[in-house]
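Protein chains in written order, with our numbering: chain A, 1452 to 1778; chain B, 1452 to 1778.
Using N, Cα and C, we set each Cβ at its ideal position, and we do this for glycine too.
Here the structure is a predicted model, which is why all the values come from computation and not from measurement.
Protein chains: 2
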Amino acid sequence: MIRIGILGYGNLGKGVESAIRQNPDMELKAVFTRRDPASVTLATEGIPELPVAQLTERKEEIDVLILCGGSATDLPLQTPAYAADFNVVDSFDTHATIPEHFDNVNRSAASGKKTAVISAGWDPGMFSVSRLYGNAILPEGEDYTFWGKGVSQGHSDAIRRIPDVIDAKQYTIPVDAALEAVRAGSNPVLTTRQKHTRECFVVAKEGADLGAIENEIKTMPNYFAEYDTTVHFITKEELERDHSAIPHGGFVLRSGVTGTDGTNRHLIEYSLKLDSNPEFTSSVIVACARAAYRMNREGMYGCKTMFDIPPAYLSARSGEELRRKLL
Amino acid sequence: MIRIGILGYGNLGKGVESAIRQNPDMELKAVFTRRDPASVTLATEGIPELPVAQLTERKEEIDVLILCGGSATDLPLQTPAYAADFNVVDSFDTHATIPEHFDNVNRSAASGKKTAVISAGWDPGMFSVSRLYGNAILPEGEDYTFWGKGVSQGHSDAIRRIPDVIDAKQYTIPVDAALEAVRAGSNPVLTTRQKHTRECFVVAKEGADLGAIENEIKTMPNYFAEYDTTVHFITKEELERDHSAIPHGGFVLRSGVTGTDGTNRHLIEYSLKLDSNPEFTSSVIVACARAAYRMNREGMYGCKTMFDIPPAYLSARSGEELRRKLL
């Protein structure tokens, strides 16, 4: 049994907890939290909720520690800090600072002879793996990644910061025509606006200037200005009834050519349709925890990403069974 | 530079030759053939065509030998034979006997401290890898693999063996309604007939009994009897004009659930649309040759499949560049 610890009990931590129950070779040992443990009620009975201060003294009981904090402020500190004492997995997703995070975690994990898998999930994660396979197989080609339809937490938060907005949900939606152009093999050059649209559901204060809010959303730099954006004002009840789920997904395409004269076209497409973004991310993380455990036992220390994990290490089945049933 | 040798210069060998030209870290050293080398003209100038008997004496010049023979009679003998002296890659695709082939190759490669990658391609190969990732991430779910639209060599050959048939091409076609049912998340139980149809283009001798040929095709056990099959009789000219390409492709889907009550559904879909089945297969093989070379240098001896290859080993780029650009 691989003994798992969870640090952080938000959506992701809860997703990891339920994913562990789907994997018979794993058991949850404890959930560590910065909140008052008495205020946290786990879905799994009999598992202790402990203060984060007790983590290090419990290190002999935990084979892999899964870090379920956020990429903005938690993981840049937590992952390097804990990777010296634990095999760890995180879902660090700030693409621009992955190289720096990797180096920090690598130093720590290598010094402690531990194995740390960072940026596990679907993007970064399975989408990255799909881009890598596509590039390795078809070196002459173009990459396309589309996201959605799904809820963007960052964009929803940006709307919520506007005065007189009570709550909001933002959906990122891939543009069908752009997807079809890629699938047709025309290798189009697509602008930001041509690839995705943004749809916002906003609950405003009574008497708020809706036109002003809509204008502020649509012209917000980085978040909305480069996109065709639709804004719907709805009630708090409608938001809760129709927009409380956290779906997401998307498409990774590699369009390339082969042959002596480069005339044969090939299209590789990987897509996800997810009812729950955090639960799917958690499911990837838990498979990576298994890989981290195995890699550590084989002396593969330091920081790793899904690029470095042989696919078989993610699975509970033996190599022999995998070859017989899935190859 | 990774120095590649090719054994066998059919469609696959030619595909490997052109794929090597797309990979700047590789060079083709020689093509070995069982035919009279004088009868073989390579697409690449300046590369020797050599008789297969010279292979072993050239072993110092070749980092990876790519075996481009067939799975029925060539590879079961060739791969174990050469894996003792060379790092090798093959595309052995008889699913039922992969475990036996693996054991034979493993003994040989391990004894010679070589690395052998078997069953490289897309099915087995990238489709297998997709099934494995899907199963590891979503342990509670169902697998679906659809093939096509594409040419099945085995089924085309079966038609050609019927008396009075001059030539034939058979297309395997996935049934849209079945694909859509899987995508809708209903986890349907599908019969063979519900998943694929078969379409045949047949050139018959003048005066042949077309009705008898059509009946023989449609009732042929294992090949056609379990499918809805359409037969078109066409001229030799039409067959050459409209059916000389070797396209293929297909879909691998994993449909699963997560969450405490298992109510959140997720769909993972991997698909390929290939203008040339042998050229795409060759492109995968060449990426696996890079991995075999690297794994061998790191002491990872014996038989491997794509399940055992960390994705990064397939790419010519450094780990640092991969993390920066593709993660």
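message = Taking 7 Å as the cut-off, is the C-beta of A1740(B) nearer than that to any heavy atom in the ligand MN?
response = In the structure shown, the ligand MN is absent, as is every other ligand, since no ligand is present at all.
query = If you draw a straight line from the C-alpha of K1429(B) to the C-alpha of H1552(A), how long is it?
reply = With chain B covering only 1452 through 1778, there is no way to say anything about residue 1429(B).
request  = Taking N1745(A) as part of the alpha helix (DSSP H), name the residues at either end of that continuous run.
outcome  = First, the residue type needs correcting, since residue 1745(A) is Arg and not Asn in the sequence shown. Element bounds for R1745(A): 1728 to 1748.
ask   = At which residues does the alpha helix (DSSP H) containing A1532(B) begin and terminate?
value = 1526 to 1533
request  = Please confirm if T1492(B) has its CB atom under 8 Å from at least one CB of chain A.
outcome  = no
query = DSSP on A1494(A), reduced to helix/strand/coil?
reply = coil
key: Same chain, Cβ closer than 7 Å to E1677(A), five either side skipped, listed in chain order   = T1643, R1644
message = Using only CA atoms, which one of M1577(A), A1504(A), S1469(A), P1550(A) lies nearest to V1703(A)?
response = M1577(A)
query = Taking C-alpha atoms, which residue in D1679(B), V1653(B), R1705(B), I1697(B) lies nearest to K1687(B)?
reply = V1653(B)
inquiry  = Between which two residues does the alpha helix (DSSP H) holding D1554(B) run?
reply    = 1549 to 1562
task = Determine the DSSP secondary structure at Y1721(B), reduced to helix, strand or coil.
result = strand
message = Please tell me whether G1459(B) and G1497(B) are closer than 8 Å, where the distance is taken between their beta carbons.
response = no
message = Tell me which residues of the segment 1727 to 1759 of chain A have at least one Cβ-Cβ distance to chain B shorter than 7 Å, keeping chain order.
response = S1727, E1730, F1731, S1734, V1735, A1738, T1756, F1758, D1759
ask   = Can you give, in chain order, each stretch of the beta strand (DSSP E) that sits fully within the segment 1587 to 1647 of chain A and has at least 3 residues?
value = 1592 to 1598, 1616 to 1625
ask   = Is any beta-carbon of chain B found at less than 8 Å from that of N1638(A)?
value = no
query = Relative to the C-alpha of H1694(B), which residue among S1607(B), D1615(B), T1545(B) is closest?
reply = S1607(B)
query = Which residues, in chain order, does the segment 1554 to 1578 of chain A contribute to contact with chain B at a C-beta distance below 8 Å?
reply = S1570, P1575, M1577
query = Would V1539(A) pass as a contact of Y1533(A) if the rule is Cβ separation under 8 Å?
reply = yes
message = On the CB-based measure, 16 or more other CB atoms within 10 Å of its CB, does G1605(B) come out buried or exposed?
response = exposed
query = Out of P1550(B), V1735(B), I1760(B), I1624(B), which has the shortest C-alpha to C-alpha gap to E1771(A)?
reply = P1550(B)
query = Which full runs of the alpha helix (DSSP H) of 4+ residues lie inside the segment 1645 to 1718 of chain A, going along the chain?
reply = 1661 to 1669, 1687 to 1693
task = With 8 Å as the threshold, decide whether the Cβ of E1496(A) is near any Cβ in chain B.
result = no
task = Indicate whether at least one CB of chain A lies closer than 8 Å to the CB of V1633(B).
result = no
inquiry  = Cβ closer than 7 Å: which chain B residues qualify as neighbours of L1415(A)?
reply    = It is not possible to answer for residue 1415(A), since the shown part of chain A is limited to 1452 through 1778.
request  = Output the distance between the C-alpha atoms of G1636(A) and T1714(A), rounded to the nearest integer angstrom.
outcome  = 11 Å
Spatially closest choice to R1582(A) from Y1752(A), S1522(A), E1720(A), by CA coordinates = E1720(A)
query = Is the number of C-beta pairs between the segment 1488 to 1507 of chain B and the segment 1748 to 1768 of chain A that are closer than 8 Å three or more?
reply = no
message = Would M1452(B) and T1566(B) be called neighbours here (beta carbons separated by less than 8 Å)?
response = no
message = Taking the straight line between their C-alpha atoms, what separation do you get for G1707(A) and A1547(A)?
response = 26 Å
Cβ pair count under 8 Å reaching 3, the segment 1725 to 1734 of chain B against the segment 1462 to 1478 of chain B = yes
task = Return the CA-CA distance between I1455(A) and E1500(B), expressed in angstroms with no decimal places.
result = 57 Å
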